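No gaps in the numbering here: position 412 of the sequence shown is 415 in the working numbering, and each next residue is one more.
Backbone N, C-alpha and C define an ideal beta-carbon position, used for all residues, glycine too.
Remember, it's a predicted structure, so these values are computed and weren't measured experimentally.
Worksheet: one structure, shown below.
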Amino acid sequence: MGPPVEPAGIESFYLEDRTIEPSSGFRERALISDPGVYDRAEADWEGFWAVQATELLDWFDPWDTILEWKLPFVRWFVGGTLNVSHNCLDRHVAAGRGDRVAFHWEGEPGDTRTITYAELLDEVERFSNVLESLGVTRGDRVAIYMPMIPELPVAMLACTRIGAVHSVVFGGFSSDALRDRIVDGQAKVLVTADGGWRKGAAVPLKANADAALGDTPSIDHVVVVRRTEADVDMRPGRDRWWQELMEGAEPHRAPEPMASEDLLYLLYTSGTTARPKGIMHTTGGYLTQVAFTHKYVFDLRPEEDVYWCAADIGWVTGHSYIMYGPLANGATGVLYEGSPDFPSRDRWWAIVEKYGVSILYTAPTAVRTFMKWGTEEPAKHDLSSLRLLGSVGEPINPEAWMWYFEHIGGGRCPVVDTWWQTETGAIMISPLPGVTTLKPGSATRPLPGVAAEVVDDAGSKVSEGGGYVTLTRPWPSMLRGIYGDPERYRDTYWSRFEGRYFAGDGARIDEDGYFWFMGRVDDVMNVSGHRVSTTEVESALVDHPSVAEAAVVGAKDATTGQAIIAYVTLRAGYQPSDEHGQSLRRHCATRIGPIARPKTIVFTDDLPKTRSGKIMRRLLRDVAEGRDLGDTTTLADPAVVEEIRARAQSAPPED
Ligand code: WT7
4 MGPPVEPAGI ESFYLEDRTI EPSSGFRERA LISDPGVYDR AEADWEGFWA
54 VQATELLDWF DPWDTILEWK LPFVRWFVGG TLNVSHNCLD RHVAAGRGDR
104 VAFHWEGEPG DTRTITYAEL LDEVERFSNV LESLGVTRGD RVAIYMPMIP
154 ELPVAMLACT RIGAVHSVVF GGFSSDALRD RIVDGQAKVL VTADGGWRKG
204 AAVPLKANAD AALGDTPSID HVVVVRRTEA DVDMRPGRDR WWQELMEGAE
254 PHRAPEPMAS EDLLYLLYTS GTTARPKGIM HTTGGYLTQV AFTHKYVFDL
304 RPEEDVYWCA ADIGWVTGHS YIMYGPLANG ATGVLYEGSP DFPSRDRWWA
354 IVEKYGVSIL YTAPTAVRTF MKWGTEEPAK HDLSSLRLLG SVGEPINPEA
404 WMWYFEHIGG GRCPVVDTWW QTETGAIMIS PLPGVTTLKP GSATRPLPGV
454 AAEVVDDAGS KVSEGGGYVT LTRPWPSMLR GIYGDPERYR DTYWSRFEGR
504 YFAGDGARID EDGYFWFMGR VDDVMNVSGH RVSTTEVESA LVDHPSVAEA
554 AVVGAKDATT GQAIIAYVTL RAGYQPSDEH GQSLRRHCAT RIGPIARPKT
604 IVFTDDLPKT RSGKIMRRLL RDVAEGRDLG DTTTLADPAV VEEIRARAQS
654 APPED
């Protein structure tokens, strides 16, 4: 078990006492403005979710039982059948909304495409047939490793149409990370692209994929989208061009009726060990909760709003709030391929102005980056179309919240700070913008139908004060397990506190029952809103021939939330140097992806250990964050820490 919730970093939260009421104008037009919704949902929470499933989705067959549960295993809407692509596409087109824009797509170089619901359906039907022609059938896994181009939603929706399970691997991951995920999921087909644009350069996705494919015997075929026109190797018999396959594809394919509990997708996330977990999400419950939360948390008016979730589809935020929630609700979204500073630092604000974005959903790390770039960047554009702002991925500090509220939202847009996880599938704790009094820095309260409590070490509820975040009963979009590893599922989430889901986060509950998240309490770092396991980075480091031992900690960072600090001891014959530090940082990026590149490498002759040989990460965190050391009495050799502290101060800066 990780260290107890530490008080560090929470001081500014305690001082935070600003409150912001929904404006009367916002409240009057809001989809939900009656606070009674919480009590009504609580009185019959299963019934509440059943109403959402009925109102928000189209079912081929109704369910017999709303919920069957024997924790940690649950089944929602048992007996019901539906299809995700039918809910996201066909029913909107059938209702005469085929001409509505599903996505305003913008490539990083400035090329654009407007994709209506009817066009998206057409491509999804064709690609469904392509997948089937490559031998993919119901239940098979399809790996997807793509840039943010329109073919990515097409590939995902086509999987859901034929009942195949997608496993999207973020395009920023390395070939090793891709290989591990393909192997774990035993994917039959990989969909990728020649490359994607990022900061003006082509990211070589197909070349990365080729490096992974040497060790992935389950893959029969690779479909490659032409995007950057980079030269790529196409292996005869295995590799096929997307464009050629689509030209020859049959235009129609009916949506496959799927059971509510059929596997919809796998998405890998970091935990406390080096091995990523294949989080399993199923069909009916997942779609119900993503549609519900997308509609009411963002107060969506699909006929008027232009909604932009500026995440990458490769993360769960993109799955739930670029793809499935918005499309199920018939929303018009923006899809942007590239980075926020290409060609200049006002790119996002140019996009907001150009498409008239009314709802913007992003991460605190982006907000803090924009703060650093200065208010003159957003000020270059007319942002008056915005009416609601969202935040996700990590705690948003009150200063960043206020900056977002004032400089992006012009002081008129509610900011919804939404807490959830890959495992929860959908938003759990968040304001309802027409109801909730906002407090900058707080995700406020569990949504209607959701039950969360903070508990102490012994598992007793804390009504006011700090502790561990738990969820006290099943929710429709909850993970159904870890692919191939039911024991790890039970151990990770359900063994810490009897009958409760353990989220791995610490939080403080204030006098109004508001949640103030304080970050992870286990050995998982949160870098720019993405979870990275300390162990995963450590194993990448010790995999380098020069490294004898490594300890990795997350230290508070003004922009990325946490930064990765690695303490490394070298094998005999290797000398510490700035260049060597850089090569180890590059090594981590190669093994896992740029997100896992340590900000700083501190070379040391020894690591602080207890007498039983456990590395004392708490001390390393204290050093990394420049704090006075706490209790060092269990340390085998207290002098080690002083040496590390001296070295840390002279560590080379990042590039
Ligand atoms: C972890 C989950 C949820 C999609 C993106 C990240 C942290 C997420 C918040 C928030 C405070 C947050 C938690 C959580 N987190 N949103 N609004 N306030 N912390 O998904 O990679 O599964 O990470 O992100 O620590 O456990 P993920």
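By the CB criterion at 9 Å, residue 443 and residue 418 fall inside the cutoff. Counting only runs of 4+ residues, the alpha helix (DSSP H) found wholly inside the region 353-435 occupies 367-376, 379-382, 401-406, in chain order. Residue 571 has 553, 606 as its beta-bridge partners, per DSSP. In this structure, the CA atom of residue 528 is about 42 Å from the CA atom of residue 65. Counting along the chain, the unbroken beta strand (DSSP E) around residue 268 starts and ends at 266-272. Residue pairing from DSSP places residue 146 in a beta bridge opposite 170, 193.
Of 74, 90, 89, 69, the smallest CA-CA separation from residue 80 is found for 69.
Here the alpha carbons of residue 568 and residue 550 stand approximately 15 Å from one another.
If you draw a straight line from the Cα of residue 116 to the Cα of residue 123, it comes to about 12 Å.
Contact between residue 83 and residue 287 holds: their C-beta atoms lie close to 5 Å from each other, under 8 Å. Around the Cβ of residue 126, a 10 Å sphere holds 16 or more other Cβ atoms; the residue is buried. Counting every other CB atom within 10 Å of its CB across the protein chains shown gives residue 308 a total of 16 or more, marking it as buried. Under the three-state reduction of DSSP output, residue 316 falls in the coil class, being neither helix nor strand.
The three-state secondary structure of residue 132, taken from DSSP, is helix. For residue 211, the uninterrupted alpha helix (DSSP H) run begins and ends at 208-216, by DSSP. Here residue 478 is buried: its Cβ has 16 or more other Cβ atoms, across all protein chains shown, within 10 Å. Listed in chain order, the alpha helix (DSSP H) runs fully inside the region 60-136 are 120-136, counting runs of at least 4 residues. Straight-line spacing of the CA atoms in residue 649 and residue 270 works out to 41 Å. Within the DSSP bridge table, the entry for residue 447 names 518 as partners. Listed as beta-bridge partners of residue 242 by DSSP are 225.
Shortest Cα-Cα distance from residue 190 to any of 473, 134, 205 involves 134.
In this structure, 353 is the residue among 404, 25, 353 with its C-alpha nearest to the C-alpha of residue 383.
Short of 7 Å from the beta carbon of residue 558, and not among the five residues preceding or following it, lie these beta carbons of its own chain, in chain order: 565, 566, 568, 624, 627, 628. Cβ neighbours of residue 313 within its own chain (closer than 6 Å, five residues either side excluded): 365. In its chain, beyond the 5 residues on either side, 447 have a beta carbon closer than 6 Å to the beta carbon of residue 439.
By the neighbour-count criterion, in which 16 or more other beta carbons inside 10 Å mark a residue as buried, residue 301 falls on the buried side.
At least one heavy atom of the ligand WT7 falls within 8 Å of the beta-carbon of residue 529. In this structure, residue 399 has its CB closer than 8 Å to one or more heavy atoms of the ligand WT7.
Residue 284 places its beta carbon 9 Å or farther from that of residue 131.
Just so you know, the alpha carbons of residue 248 and residue 501 end up roughly 52 Å apart. The alpha-carbon separation between residue 450 and residue 433 amounts to approximately 6 Å. Excluding sequence positions up to five before and after residue 294, its CB lies within less than 7 Å of the CB of 59, 60, 328, 331, 332, all in the same chain and listed in chain order. At a cut-off of 3 residues, the continuous stretches assigned as beta strand (DSSP E) that sit fully inside the region 487-549 are 504-512, 518-523, 527-530, 533-536. Annotation for residue 172 indicates a beta carbon at 8 Å or more from all heavy atoms of the ligand WT7. Here DSSP, grouped into helix, strand and coil, assigns residue 188 to helix. Annotation for residue 446 indicates a beta carbon within 8 Å of some heavy atom of the ligand WT7.
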